[in-house]
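2 protein chains.
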Amino acid sequence: MRTSDGDSGRPSRPTLALIAAEAGVSTATVSKVLNGRTDVAPATRERVEALLRTHNYPGPGGGTRRTRRSGLIDLVLAGLDSPWAVEILRGVEAECAEHGTGVVVSLVRDDDACPPSWQNLPALHHSDGVILVTSRMTARQRDQLERAGVGLVLVDPVNLPAADIPSVGATNWAGGLAATEHLIELGHRRVAVIGGPADMLCTQARVDGYRTALEQAGIEVDRELVRYGDFHHESGFARTRELLELPDPPTAIFAGSDQQAMGAYQAARLAGLRVPDDLSVVGFDDLPTCEWLSPPLTTVRQPLEEMGRVAARTLLQLLDGRPPLTPRVELATDLRVRASTAPPPAAVPPPAAAPSAASHPPEDR
Amino acid sequence: MRTSDGDSGRPSRPTLALIAAEAGVSTATVSKVLNGRTDVAPATRERVEALLRTHNYPGPGGGTRRTRRSGLIDLVLAGLDSPWAVEILRGVEAECAEHGTGVVVSLVRDDDACPPSWQNLPALHHSDGVILVTSRMTARQRDQLERAGVGLVLVDPVNLPAADIPSVGATNWAGGLAATEHLIELGHRRVAVIGGPADMLCTQARVDGYRTALEQAGIEVDRELVRYGDFHHESGFARTRELLELPDPPTAIFAGSDQQAMGAYQAARLAGLRVPDDLSVVGFDDLPTCEWLSPPLTTVRQPLEEMGRVAARTLLQLLDGRPPLTPRVELATDLRVRASTAPPPAAVPPPAAAPSAASHPPEDR
Chain A
2 MRTSDGDSGR PSRPTLALIA AEAGVSTATV SKVLNGRTDV APATRERVEA
52 LLRTHNYPGP GGGTRRTRRS GLIDLVLAGL DSPWAVEILR GVEAECAEHG
102 TGVVVSLVRD DDACPPSWQN LPALHHSDGV ILVTSRMTAR QRDQLERAGV
152 GLVLVDPVNL PAADIPSVGA TNWAGGLAAT EHLIELGHRR VAVIGGPADM
202 LCTQARVDGY RTALEQAGIE VDRELVRYGD FHHESGFART RELLELPDPP
252 TAIFAGSDQQ AMGAYQAARL AGLRVPDDLS VVGFDDLPTC EWLSPPLTTV
302 RQPLEEMGRV AARTLLQLLD GRPPLTPRVE LATDLRVRAS TAPPPAAVPP
352 PAAAPSAASH PPEDR
Chain B
2 MRTSDGDSGR PSRPTLALIA AEAGVSTATV SKVLNGRTDV APATRERVEA
52 LLRTHNYPGP GGGTRRTRRS GLIDLVLAGL DSPWAVEILR GVEAECAEHG
102 TGVVVSLVRD DDACPPSWQN LPALHHSDGV ILVTSRMTAR QRDQLERAGV
152 GLVLVDPVNL PAADIPSVGA TNWAGGLAAT EHLIELGHRR VAVIGGPADM
202 LCTQARVDGY RTALEQAGIE VDRELVRYGD FHHESGFART RELLELPDPP
252 TAIFAGSDQQ AMGAYQAARL AGLRVPDDLS VVGFDDLPTC EWLSPPLTTV
302 RQPLEEMGRV AARTLLQLLD GRPPLTPRVE LATDLRVRAS TAPPPAAVPP
352 PAAAPSAASH PPEDR
């Protein structure tokens, strides 16, 4: 909630409840108009906007450009422990700099319903809006932000956002499809996937793309080859070790992040396998470091910086009373083939005498 | 300069010039008191502080705790193109979060004297202070910040800061010494160094540590083996290629950053050399990625997150009117030995007949 301390100097504003009463709608509806949401009936929107204008309410949706911006938005990240975050930040910062807007960076410190840092976030300083990156948002948190009357845009939301909150992501499904098709085209039949957390939207989309690619190639999905981690090196390492210990291990791994792929490299090395001769590895993200790995990593590029830019642009437009045409934007992913993928090691051909028309010849390693 | 827009709601303040005139000192002196600098005579400081209190001036050094903080500081980075920056940011954010202070992150977009983004920085939003990371600061820029009346702390300043501006860094000289001693102890005699930009303080200190280690071991510094780059992968790659093409190439390289070290790995690989069997490599920074490289990188750890924390703590204390006891703090570096360093490839022993007591036997490769 916006504080009304001595610094603000703003004329005292009617509460949303008062405007709601005057308009004959719920407070939630006023919030929606204020935040530029699209799920409000046009007539209602007009009535509320008129009242907001009458009361000179400085909310984003009033149909009038806000003249008293704080000039600040909040970028709230789930963590700063990955180069991933800095790519998003770079895009947000670049876009905001062009619009004279400062970016306040903070972290969600607690996965709980309402961590104090998060709770106070819009109250600690004047902020026009929030970009929330890969966070799980509870209904309570959303209510809180609505009541704070600030704009909100999500980047890569963990769970399905309310339909009216704008969000920016990448074409994760298409990325999973492209990575897996690339491996199949190289001749791989035992292709494993290591996703991020199983309950994250982006993970689900990537794994579904993987499944579809296999199914389209007539390869049955082996549940043993579908694993989940947390996007960090360690989980890529641990899951790869498990996969390589299977009786019929994969010849290729599609990892959920470039960092997981680096973990896979390490596990392969310790198992005495060479990448890509013995094991192909595909990453996800295309961090700047990829081309400097040994071997340079084939990966699915997410336009992270551009995602940050689009999120910032969407938020700034929202604050100008211009809600996005579509609440969800997905930027295209793009497979970057480098040196970590190759045809699988030659399989021992099945004995010529064996008449069984097995579509999956056993592969010895 | 702090703007006095309608939002601020503050009583109009006397200019520094007025206070200076009343105190019978220069504006610069008032700025110094305001910013908690230590190079002001105690009697002068008291006189100025009294006037600042009388005028209820909200500057940091007034001897009174500021009651009207914006609750924001600016973290200004030279770039966001390295995982290095995110480590600093993590520390600054963590410390500030504990003090309910928001961190506005922005970049210096231009190396020019006064880039507009930088110029407007304290004016775009209310900010209590600035942490400036690895930037070159001109006298004009410093004046501007002084006039803005905000606190300033430097992290890893490029050039020598004014003695009264607090700065935080790492023991770069000791790091350079430890890295080079480690290589000498392994038996290396042809040790190269790739620094960052030659005019950066941290580079100079590291290269001096390198020189001292060699000299203490009785090894003459070969100028051919001292190269400079820009901390990025590319320069590590380019400089290593040049070094490996020398008639008498080094058997070990001390790189100026972990990213440069990754570039050195790549150059070694392309030259058909194995790390560490044919070429030892030491990095600098200890980014989280180091232990996931193949082979895991021996490197000099800079406590980057802690440097960020100390910078933030120093600034917040400065804003409370408590200037640091010493303007320059250097946090300890620490050599992390992993798998990228080993004894040099066995040198062909000099012919037994050669009687010259050469302290540098020629090493064939």
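If you're matching them up, the sequences are chains A and B in order. If you number the first sequence the way this note's numbering does, the last residue is 366 and the count never jumps. If you number the second sequence the way this note's numbering does, the last residue is 366 and the count never jumps. Glycine included, every Cβ here is placed at the ideal spot set by N, Cα and C.
At least one beta carbon of chain B lies nearer than 7 Å to the beta carbon of A:S295.
Residue pairing by DSSP places B:T300 opposite B:G284 and B:R337 in a beta bridge. Residue burial annotation: B:R314 is buried, with at least 16 other C-beta atoms found within 10 angstroms of its C-beta. Taken in chain order, the unbroken stretches of beta strand (DSSP E) that lie wholly in the stretch 86-113 of chain B and span 3 residues or more are 103-108.
Distances from the alpha-carbon of B:L184 to those of B:R275, B:P289 and B:L215 put B:L215 closest. Note that the stretch 242-252 of chain B does not touch the stretch 130-144 of chain B; fewer than 3 beta-carbon pairs, one per stretch, sit closer than 8 Å. Cβ atoms of A:V131 and A:V159 stay farther apart than 8 Å, at about 16 Å.
Not one beta carbon of chain B lies nearer than 7 Å to the beta carbon of A:H189. Where A:L316 is concerned, the enclosing alpha helix (DSSP H) starts and stops at L305 to L320. For A:G219, there is no enclosing beta strand (DSSP E), as DSSP marks it with neither H nor E.
Between B:A256 and B:G237, the C-beta gap is smaller than 7 Å, which places the two residues in contact. In this structure, the beta-carbon distance from B:V31 to B:L17 falls below 7 Å. Contact annotation: in the stretch 143-166 of chain B, no residue has its CB less than 7 Å from a CB in chain A. One finds nothing in chain A with a Cβ atom closer than 9 Å to the Cβ of B:P325; even the nearest lies about 25 Å away. Rounded to the nearest angstrom, the gap between the Cα atoms of A:F285 and B:V87 is 20 Å. At least one CB atom of chain A sits nearer than 7 Å to the CB of B:Q267.
Residue pairing from DSSP leaves A:F238 without any beta-bridge partner. Taking the beta carbon of A:V104 as reference, the chain B residues within 8 Å of it are V105, V106 and S107, listed in sequence order. Beyond the five residues adjoining it in sequence on each side, A:V154 comes within less than 6 Å, by CB distance, of I132, P167, A312, T315 and L316 in the same chain, given in chain order.
The beta carbon of B:P84 falls within 7 Å of a beta carbon belonging to chain A, placing the residue at that interface. Membership of A:L187 in any beta strand (DSSP E) is not indicated, and neither H nor E is assigned to it by DSSP.
B:V77 is outside the set of residues whose beta carbon lies under 7 Å from a beta carbon in chain A. Across the structure, B:R228 and B:A253 are spaced so that their CA atoms are roughly 13 Å apart. Residue environment: A:S27 is assigned as exposed (fewer than 16 neighbouring CB atoms within 10 Å of its CB, all protein chains considered). Rounded to whole angstroms, A:L202 and A:R137 show a C-alpha spacing of 11 Å. For the stretch 248-268 of chain A, the set of residues with a beta-carbon nearer than 8 Å to any beta-carbon of chain B comprises Q260, M263, G264, Y266 and Q267, in chain order. With a cutoff of 7 Å on beta-carbon distance, A:G103 and A:L73 are scored as near each other. For A:A333 and B:I89, the gap between their C-alpha atoms comes out near 31 Å. DSSP, read as helix, strand or coil, puts A:I132 in strand.
Taking the C-beta atoms as reference points, B:A268 is found nearer than 7 Å to B:T241. If the five residues before and after A:V192 are omitted, its C-beta is found closer than 8 Å to the C-beta atoms of T181, L184, I185, Y211, L215, I220, L226, P251, T252, A253, I254 and F255, all from its own chain and listed in chain order. With contacts defined by Cβ atoms closer than 7 Å, A:H234 and A:Q217 do not form a contacting pair.
Neighbours of A:V87 in chain B, taken as residues whose beta carbon is under 9 Å from its own, are L81, D82, S83, P84, A86, V87 and L90 in chain order.
Counting other Cβ atoms within 10 Å of its Cβ, B:D278 stays below 16 and is therefore classed as exposed. DSSP places B:G152 in the uninterrupted beta strand (DSSP E) bounded by G152 to V156. A:G177 carries a helical assignment under DSSP once its states are collapsed to helix, strand and coil.
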